[in-house]
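Visitor: Mind looking over this structure? Questions follow.
Protein chains: 2
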Amino acid sequence: MRSIADVARLAGVAKATASRALSGRGYVSEETRSKVVAAAKEIGYVASPNAASLVTGRTKSIGVIIPFISRWFFSEVLESLEQALLEEGYDMTLYNLPAASKERDSVFEYFLARKRFDGVISVGVALSDAEVDLLHRLGRPLVGIGGPIRGVHTIAIDDVASARLATEHLLSLGHKDILHIGGSEADEMDFKVHSNRRTGFASAMNEAGLSTEGSFYACEFTLPGGYGVGLAVLGDPRTRPTAVFAASDEIAIGVIVAARELGIQVPADLSVIGIDGHPYAQMFRLTTLEQHPRRQARLAVVSLLAELESPTDTDEANHLTVLPVNLVVRSSTSGPRQPLGA
Amino acid sequence: MRSIADVARLAGVAKATASRALSGRGYVSEETRSKVVAAAKEIGYVASPNAASLVTGRTKSIGVIIPFISRWFFSEVLESLEQALLEEGYDMTLYNLPAASKERDSVFEYFLARKRFDGVISVGVALSDAEVDLLHRLGRPLVGIGGPIRGVHTIAIDDVASARLATEHLLSLGHKDILHIGGSEADEMDFKVHSNRRTGFASAMNEAGLSTEGSFYACEFTLPGGYGVGLAVLGDPRTRPTAVFAASDEIAIGVIVAARELGIQVPADLSVIGIDGHPYAQMFRLTTLEQHPRRQARLAVVSLLAELESPTDTDEANHLTVLPVNLVVRSSTSGPRQPLGA
DNA sequence: ATCCCGAATGGAACCGGTTCCATACTGCCC
DNA sequence: GGGCAGTATGGAACCGGTTCCATTCGGGAT
Numbered sequence: 001m002r003s004i005a006d007v008a009r010l011a012g013v014a015k016a017t018a019s020r021a022l023s024g025r026g027y028v029s030e031e032t033r034s035k036v037v038a039a040a041k042e043i044g045y046v047a048s049p050n051a052a053s054l055v056t057g058r059t060k061s062i063g064v065i066i067p068f069i070s071r072w073f074f075s076e077v078l079e080s081l082e083q084a085l086l087e088e089g090y091d092m093t094l095y096n097l098p099a100a101s102k103e104r105d106s107v108f109e110y111f112l113a114r115k116r117f118d119g120v121i122s123v124g125v126a127l128s129d130a131e132v133d134l135l136h137r138l139g140r141p142l143v144g145i146g147g148p149i150r151g152v153h154t155i156a157i158d159d160v161a162s163a164r165l166a167t168e169h170l171l172s173l174g175h176k177d178i179l180h181i182g183g184s185e186a187d188e189m190d191f192k193v194h195s196n197r198r199t200g201f202a203s204a205m206n207e208a209g210l211s212t213e214g215s216f217y218a219c220e221f222t223l224p225g226g227y228g229v230g231l232a233v234l235g236d237p238r239t240r241p242t243a244v245f246a247a248s249d250e251i252a253i254g255v256i257v258a259a260r261e262l263g264i265q266v267p268a269d270l271s272v273i274g275i276d277g278h279p280y281a282q283m284f285r286l287t288t289l290e291q292h293p294r295r296q297a298r299l300a301v302v303s304l305l306a307e308l309e310s311p312t313d314t315d316e317a318n319h320l321t322v323l324p325v326n327l328v329v330r331s332s333t334s335g336p337r338q339p340l341g342a
Numbered sequence: 001m002r003s004i005a006d007v008a009r010l011a012g013v014a015k016a017t018a019s020r021a022l023s024g025r026g027y028v029s030e031e032t033r034s035k036v037v038a039a040a041k042e043i044g045y046v047a048s049p050n051a052a053s054l055v056t057g058r059t060k061s062i063g064v065i066i067p068f069i070s071r072w073f074f075s076e077v078l079e080s081l082e083q084a085l086l087e088e089g090y091d092m093t094l095y096n097l098p099a100a101s102k103e104r105d106s107v108f109e110y111f112l113a114r115k116r117f118d119g120v121i122s123v124g125v126a127l128s129d130a131e132v133d134l135l136h137r138l139g140r141p142l143v144g145i146g147g148p149i150r151g152v153h154t155i156a157i158d159d160v161a162s163a164r165l166a167t168e169h170l171l172s173l174g175h176k177d178i179l180h181i182g183g184s185e186a187d188e189m190d191f192k193v194h195s196n197r198r199t200g201f202a203s204a205m206n207e208a209g210l211s212t213e214g215s216f217y218a219c220e221f222t223l224p225g226g227y228g229v230g231l232a233v234l235g236d237p238r239t240r241p242t243a244v245f246a247a248s249d250e251i252a253i254g255v256i257v258a259a260r261e262l263g264i265q266v267p268a269d270l271s272v273i274g275i276d277g278h279p280y281a282q283m284f285r286l287t288t289l290e291q292h293p294r295r296q297a298r299l300a301v302v303s304l305l306a307e308l309e310s311p312t313d314t315d316e317a318n319h320l321t322v323l324p325v326n327l328v329v330r331s332s333t334s335g336p337r338q339p340l341g342a
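Dropping the structure here:
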């Protein structure tokens, strides 16, 4: 309704001056500025971001691509991203994209190409080269969370090392028969997270001289997922492992619930360790490796906005920020019942 | 980069014609249309939504206000909203607002007032009259999910009736000593959900001639919340209720986990019923009232877009769509151990 | 043959800001 | 006293679309 021309008229100055006064760019006398500000306030003027974007090319809005909303890691990231962006004066436009789908193509071709945002944060989505190129051509910086993307600054934990660490914790307690429950490569999340954690597990086991033959089960990264595998695998005491390394806390908790139902004592009969630092971990006394999604999110925002301020070379930006995880030992892990064989 | 003027030049027509050809409005010969479309494709033209919004006043974007992201109901709603909006060609801009905060004011004054969206969906947020008025003045339709807002079409379940139904289920099984665990009015979610469910509980109890004196506990709407109350309340067999009506499935599951740890048999020693239809309900065999957040979300989108198409009178739009809940009986509820007193 | 109407198209104004350029005034230095 | 740098302001172009208005053309009715 009210345009800057109205403000200018009321304040008795030119549009250009009103614009300068309100945006703080260029020379304006203190006296004029206050006149303009008063006029703007009087008629309840709010600038149209569309008009401004049209000429400046900046939208003050960031696009976020994310494959899940309800899973813990992602909802934490999302919440932090929103907060951090809001603080910096940016809107957040959300694209919830299951890994590969027709929607995905339409988002890239139709939505993202419209340049309604100044930059993109991609959470746990492995973008294809073509998709990265598209964004590059549009001159929109891109930051990733949760896994490396070619030519893009990414913030993540070291999945291989983390899985190693978790496995070594169990090994150091004396476990030899360890089961790893994680995501399948065919999962909707087409990232390397799953295979990396599996790799870390395998390398720790092999280093300890143990085979990983038949010691992996795949399931959804959810509580019912872990519960299902738990019921299926833990039932027979003869084939039961002494410890489980779950690739996420939700899986780990599902396993604990299953164990309790089967009358299996945790940790006496079964040790369980997860990865995440899920808020439920404490009440299930779960030993876990805490990663810090909120920290990852805030870092991503900082990095993206810095890139917007002063664009760097593509090559320079092409690096990985690895965040530490920390082991929180609770009472879901202990040594096996018969440390030196029956 | 490429503007519609480039397309027009390449196709050998005027800007106006190119615009008509691409947008499908007004008269254009089939021949010209295909020439223009081909030209656009050739140079990879993508329209600038900013420029279009500037003149049409439409942004093809919807703002969503939501107090939580990670809690089940909200993440479900969010996921569905995003899908439904995307299908209709709308972007979704997310504002994650804890009920009352300085951020909240800034969102309204700064972000929402900028009119970067055609309409707003408010999920579980009780907007103040002033906030509703602001949106009205901006001419932006508003639809609510999860609780009534003055003068706004809202989609919700009937919380009073649902709580009644849940309580009556327990009563019909013969329970007399029923505890209600729900949210406190002081919770971040300043909606009437909590008090409504409490009212429904109380009225069912009173109708059955039972007192509700001391039969309410408040906690967070989370699994650890219910777990904490469960541990605190269920320990003493003499004061233990025979049934719990939890205001959400997460609370209910927390209670079940606590009960299991305390060695209390569910349902033999304790019946538990929740509200939600949470995906974890099945694995905990929880009897619950399913509400359908995804259905609520899609209805909200339909309603909002209809309102955008053809604005109705404020008074006409001022109504409530009540969605049904359905009782799913699993094995967390049964009759009390001593149906007719010890 | 004349008139009228609808289809097709081009020119130009417009949406609401930002920014370039020109102009004017001030004060300071040589 | 003339020139110059720095501050303050206005006019106008511009961003990239949409839409109003005018013009032209072809065909059917009179």
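In the order they appear, the protein sequences are chains A and B. Quick note: the first sequence uses full-length UniProt numbering, first residue 1, plus one each step. Quick note: the second sequence uses full-length UniProt numbering, first residue 1, plus one each step. Don't be surprised by glycine CBs; every beta carbon is placed ideally from N, CA and C.
Measure the C-alpha to C-alpha separation of M92(B) and I181(B) and round it to an integer number of angstroms.
Guide: Roughly 35 Å separates the two Cα atoms.
Visitor: Judging by CA-CA distance, which residue of R337(A), L270(A) and E307(A) is the nearest neighbour of I62(A)?
Guide: Nearest option by C-alpha distance: E307(A).
Visitor: For the stretch 177-245 of chain B, which segments carrying the beta strand (DSSP E) assignment without a break, of at least 3 residues, lie completely within its bounds, in sequence order?
Guide: For the stretch 177-245 of chain B, whole beta strand (DSSP E) runs of length 3 or above, ordered along the chain, are 178-182 and 216-218.
Visitor: Check distances from the C-beta atoms of the stretch 215-227 of chain B to those of chain A and list, in chain order, the residues that come in under 8 Å.
Guide: Against chain A - using a Cβ distance shorter than 8 Å - the residues of the stretch 215-227 of chain B are T222, L223, P224 and Y227.
Visitor: For S310(A), which of helix, strand or coil comes out of DSSP?
Guide: Three-state result, S310(A): coil.
Visitor: Buried or exposed, going by whether 16 or more other CB atoms sit within 10 Å of the CB of R197(B)?
Guide: Flag for R197(B) reads buried.
Visitor: The stretch 256-287 of chain A: which residues have C-beta closer than 9 Å to a C-beta of chain B, in chain order?
Guide: Residues V257, A258, R260, E261, P279, Y280, Q282, M283 and F284.
Visitor: Quick one: is Q291(B) buried, meaning 16 or more other Cβ sit within 10 Å of its Cβ, or exposed?
Guide: Buried.
Visitor: Leaving out five residues on either side along the sequence, give the residues of the same chain with a beta carbon under 7 Å from the beta carbon of H319(B).
Guide: Answer for H319(B): H153, listed in chain order.
Visitor: According to DSSP, what are the bridge partners of I66(B)?
Guide: Per DSSP, N96(B).
Visitor: In the stretch 106-138 of chain A, which residue ranges form an unbroken beta strand (DSSP E) of at least 3 residues, counting only runs that do not cross its ends?
Guide: The stretch 106-138 of chain A contains these whole beta strand (DSSP E) runs: 119-123.
Visitor: What separation, rounded to the nearest whole angstrom, lies between the Cα atoms of A252(B) and I273(B)?
Guide: Taking the straight line from one Cα to the other gives about 7 Å.
Visitor: Distance check for L299(A) and W81(A), CA to CA, integer angstroms please.
Guide: The question names Trp, but residue 81(A) is Leu in the sequence shown. Taking the straight line joining both Cα atoms gives about 9 Å.
Visitor: Taking all protein chains shown into account, decide if E220(B) is buried (16 or more other Cβ within 10 angstroms of its Cβ) or exposed.
Guide: With 16 or more Cβ atoms within 10 Å of its Cβ, E220(B) is classed as buried.
Visitor: Between which two residues does the beta strand (DSSP E) carrying T333(B) extend?
Guide: That residue, T333(B), is in no beta strand (DSSP E); it is neither H nor E in DSSP.
Visitor: If you scan the UniProt domain "HTH lacI-type" (2-56) of chain A from start to end, which runs of the alpha helix (DSSP H) of 4 or more residues do you find wholly inside it?
Guide: 4-11, 15-23, 30-42 and 49-56, all fully within the UniProt domain "HTH lacI-type" (2-56) of chain A.
Visitor: Strictly below 9 Å CB to CB, what residues from chain A border K115(B)?
Guide: The contacting residues are V46, S48, P49 and N50.
Visitor: Please tell me whether T242(B) and H169(B) are closer than 9 Å, where the distance is taken between their beta carbons.
Guide: No. Outside cutoff.
Visitor: Taking the continuous alpha helix (DSSP H) assigned at L170(A), which residues delimit it?
Guide: It spans D159 to S172 - the alpha helix (DSSP H) in which L170(A) sits, taken as one unbroken run.
Visitor: Suppose contacts are defined by Cβ-Cβ distances below 9 Å. Is F201(B) in contact with R164(B) by that definition?
Guide: It is a contact, given that the beta carbons lie within the stated cut-off.
Visitor: So, for A258(B): in the same chain, excluding its five sequence neighbours on each side, which residues have a beta-carbon less than 7 Å away from its beta-carbon?
Guide: These residues qualify, in order along the chain: Y227, G230, L231 and L234.
Visitor: Excluding the 5 residues flanking A113(A) on each side, which residues of the same chain have their C-beta closer than 8 Å to its C-beta?
Guide: Excluding sequence neighbours, A113(A) sits near L134 and L138.
Visitor: Note down, in chain order, each residue of its chain lying with its Cβ closer than 7 Å to the Cβ of A166(B), except the 5 sequence neighbours on either side.
Guide: Counting only Cβ-Cβ distances below 7 Å, and skipping sequence neighbours, we find F245, I273, I275 and L289.
Visitor: Can you list, in chain order, the residues of its chain with a C-beta nearer than 6 Å to that of F216(B)? Leave out the 5 residues immediately preceding and following it.
Guide: Correct list, in chain order: H180.
Visitor: Evaluate R71(B) with the Cβ neighbour count: other Cβ atoms within 10 Å of its Cβ, from every protein chain shown; 16 or more gives buried, anything less gives exposed.
Guide: R71(B) is buried by the Cβ-count criterion.
Visitor: Does P339(A) come out as helix, strand or coil in the three-state DSSP assignment?
Guide: Residue placement at P339(A) cannot be trusted, given a pLDDT of 46 that sits under 50; what the coordinates show is reported in the next sentence. The answer is coil: DSSP assigns P339(A) none of H, G, I, E or B.
Visitor: Looking at the secondary structure, which residues open and close the alpha helix (DSSP H) in which residue 360(B) lies?
Guide: A question about residue 360(B) goes unanswered here, because the residues of chain B that appear run from 1 up to 342.
Visitor: Pull up the CB-CB distance for L94(B) and S122(B), whole angstroms please, since I reckon it's below 8 Å.
Guide: Contact doesn't hold; Cβ gap of about 12 Å is too wide.
Visitor: Over the uninterrupted beta strand (DSSP E) stretch that includes V328(B), give me the two end residues.
Guide: Taken as a continuous stretch (DSSP letters only), the beta strand (DSSP E) holding V328(B) covers N326 to V328.
Visitor: Under three-state DSSP, which class holds residue 423(B)?
Guide: Residue 423(B) lies beyond the residue range present for chain B, which begins at 1 and ends at 342; the question has no answer from this structure.
Visitor: Of the residues that make up the stretch 89-106 of chain A, which ones have a beta carbon closer than 7 Å to any beta carbon in chain B?
Guide: The residues in question are D91, M92, T93, L94, N96 and E103.
Visitor: When the cut-off is 9 Å and only beta carbons count, does E79(B) lie next to chain A?
Guide: Chain A contact via Cβ: present.
Visitor: At which residues does the beta strand (DSSP E) containing D269(B) begin and terminate?
Guide: Where D269(B) is concerned, there is no enclosing beta strand (DSSP E), given that its DSSP letter is neither H nor E.
Visitor: For V132(A), which residues of its own chain have a beta-carbon under 8 Å away from its beta-carbon, when the five flanking residues on both sides are left out?
Guide: Closer than 8 Å at Cβ, skipping near neighbours: L142, I149, R150, G151 and V152.
Visitor: Indicate whether S48(A) and L10(B) have their beta-carbon atoms separated by less than 9 Å.
Guide: For S48(A) and L10(B), no; Cβs fall outside 9 Å.
Visitor: Take the Cβ of residue 348(A) as the centre, count every other Cβ of all protein chains shown within 10 Å, and call the residue buried at 16 or more, exposed below.
Guide: As displayed, chain A neither begins before 1 nor continues past 342, which places residue 348(A) out of reach and without an answer.
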